[in-house]
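>
2 protein chains.
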Amino acid sequence: MRVNLLYDFYGNLLTAKQRECLELYYQDDLSLAEIADNSEISRQGVHDLIKRAVKSLEKAEQKLGLVARFMAQEKYFQRLKEILSQREITEEDRREALAIVEKLLE
Amino acid sequence: MRVNLLYDFYGNLLTAKQRECLELYYQDDLSLAEIADNSEISRQGVHDLIKRAVKSLEKAEQKLGLVARFMAQEKYFQRLKEILSQREITEEDRREALAIVEKLLE
Numbered sequence: 001m002r003v004n005l006l007y008d009f010y011g012n013l014l015t016a017k018q019r020e021c022l023e024l025y026y027q028d029d030l031s032l033a034e035i036a037d038n039s040e041i042s043r044q045g046v047h048d049l050i051k052r053a054v055k056s057l058e059k060a061e062q063k064l065g066l067v068a069r070f071m072a073q074e075k076y077f078q079r080l081k082e083i084l085s086q087r088e089i090t091e092e093d094r095r096e097a098l099a100i101v102e103k104l105l106e
Numbered sequence: 001m002r003v004n005l006l007y008d009f010y011g012n013l014l015t016a017k018q019r020e021c022l023e024l025y026y027q028d029d030l031s032l033a034e035i036a037d038n039s040e041i042s043r044q045g046v047h048d049l050i051k052r053a054v055k056s057l058e059k060a061e062q063k064l065g066l067v068a069r070f071m072a073q074e075k076y077f078q079r080l081k082e083i084l085s086q087r088e089i090t091e092e093d094r095r096e097a098l099a100i101v102e103k104l105l106e
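Protein sequences appear in the order of chains A and B. If you count the first sequence from 1, position 71 lands on 71 in my numbering, and the numbers rise without skipping. If you count the second sequence from 1, position 40 lands on 40 in my numbering, and the numbers rise without skipping.
(1) Quick check on this structure: which residue in A:L104, A:F70, A:V46 and A:E88 has the alpha carbon closest to the alpha carbon of A:K24?
(2) List the whole-angstrom C-beta distance separating B:F77 from A:L104, where the pair is believed to meet the contact cut-off of C-beta under 8 Å.
(3) Relative to the alpha-carbon of B:L22, which residue among B:I41, B:L49 and B:Q44 has its alpha-carbon at the smallest distance?
(4) In the structure shown, what three-state DSSP assignment does B:T56 receive?
(5) Show which residues of chain A have a CB atom less than 8 Å away from the CB atom of B:I89.
(6) Could you give the first and the last residue of the continuous alpha helix (DSSP H) run that contains A:Y76?
(7) Measure how close the beta-carbons of A:K107 and B:L98 come, nearest whole angstrom, since I'm counting them as under 8 Å.
(8) Mapping the DSSP letters down to three states, classify B:N12 as helix, strand or coil.
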C-alpha cells in the first residue's frame, strides 16, 4: 500500500528493471521465485533489487515529502468536496472552503 | 524564475554546497565572482557547480513533472478561489467547483 503510493510519486526515479520488478511484486503479486524465473536474475537477486528500489523510494520521500503532502492535502480536498456537494452552501461553509483553497494555494 | 520554482520543489535533492550556491546566485543575486570570493572555489568552479545543479533540477522535473503539475493545478485553484469568493454562489458555479475538486483529487 505504502510502496504503491511511493511508487506512484517516485517510480520514474528508478531504473526500468527496478520498476518492472516492483510492479510484478507489488501490483501483480508475483512471488520472488516467479519473478526470478521470468528474468535473468536469481531469487536472491530479485529480493535485493526490490529492497534497494524500495529504499530509493523511501529516500526520495524523505527528501521531497510528496506522499506526506498528498495525504495531508487529501483531507482538505475531501472536505471541499463535502462542502461543495451541498445544494445550499452556508456562509460559514463558504468561508471555510475559501480558507482551504487559500491554504492549498500556498 | 523557473530555477526558483524548480528549486522549491527539488532543492532537497541537491547537495548542501549546491543549494548554498544556487541561493546566493538566484535568490540573493550575488555574482559568480562574489560567490567565489566567499567560498573555497574559483569563479569557474562556482559557474560549473551552478550549471550542474540546475541540470540536476531539470532532470528531476523531467522525471517527476511536479512544476508542470503545480502550474496546471494553480489555474484550477485560482478558479476555485474566484467562485468561493462570491457571496452568492450560483448552482452552475457550485457544480463547476465540485468538478474541479474531483479532478484535483484524481
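The C-beta atom is built at its ideal place from N, Cα and C for all residues, glycine as well. As the structure is a prediction and not an experimental result, all values here were calculated from the model.
To lay it out plainly:
(1) Taking the first sequence and counting its residues from 1, one reaches residue 24 of chain A at position 24. It is worth fixing the name first, because residue 24 of chain A is Leu in this sequence and not Lys. Checked all of A:L104, A:F70, A:V46 and A:E88; the closest Cα to A:L24 is A:V46.
(2) If you number the second sequence from 1, residue 77 of chain B lands on position 77. If you number the first sequence from 1, residue 104 of chain A lands on position 104. Distance from B:F77 to A:L104 at the Cβ level is roughly 6 Å; contact confirmed, criterion being Cβ atoms closer than 8 Å.
(3) As a first step, residue 22 of chain B must be located in the second sequence, where it is residue number 22. In terms of Cα proximity to B:L22, the closest of B:I41, B:L49 and B:Q44 is B:L49.
(4) Along the second sequence, one-based indexing puts residue 56 of chain B at 56. With the sequence shown as reference, residue 56 of chain B is identified as Ser, and Thr is not the correct amino acid for it. In this structure, B:S56 counts as helix in the three-state DSSP scheme.
(5) For this step, residue 89 of chain B is matched to residue 89 along the second sequence. Within chain A, the residues near B:I89 are I89 and R94.
(6) If you number the first sequence from 1, residue 76 of chain A lands on position 76. Unbroken alpha helix (DSSP H) run through A:Y76: L66 to L84.
(7) The structure shown does not extend to residue 107 of chain A, since chain A is modelled only from 1 through 106, so no value can be given for it.
(8) Numbered from its first residue, the second sequence carries residue 12 of chain B at position 12. Correct three-state label for B:N12: helix.
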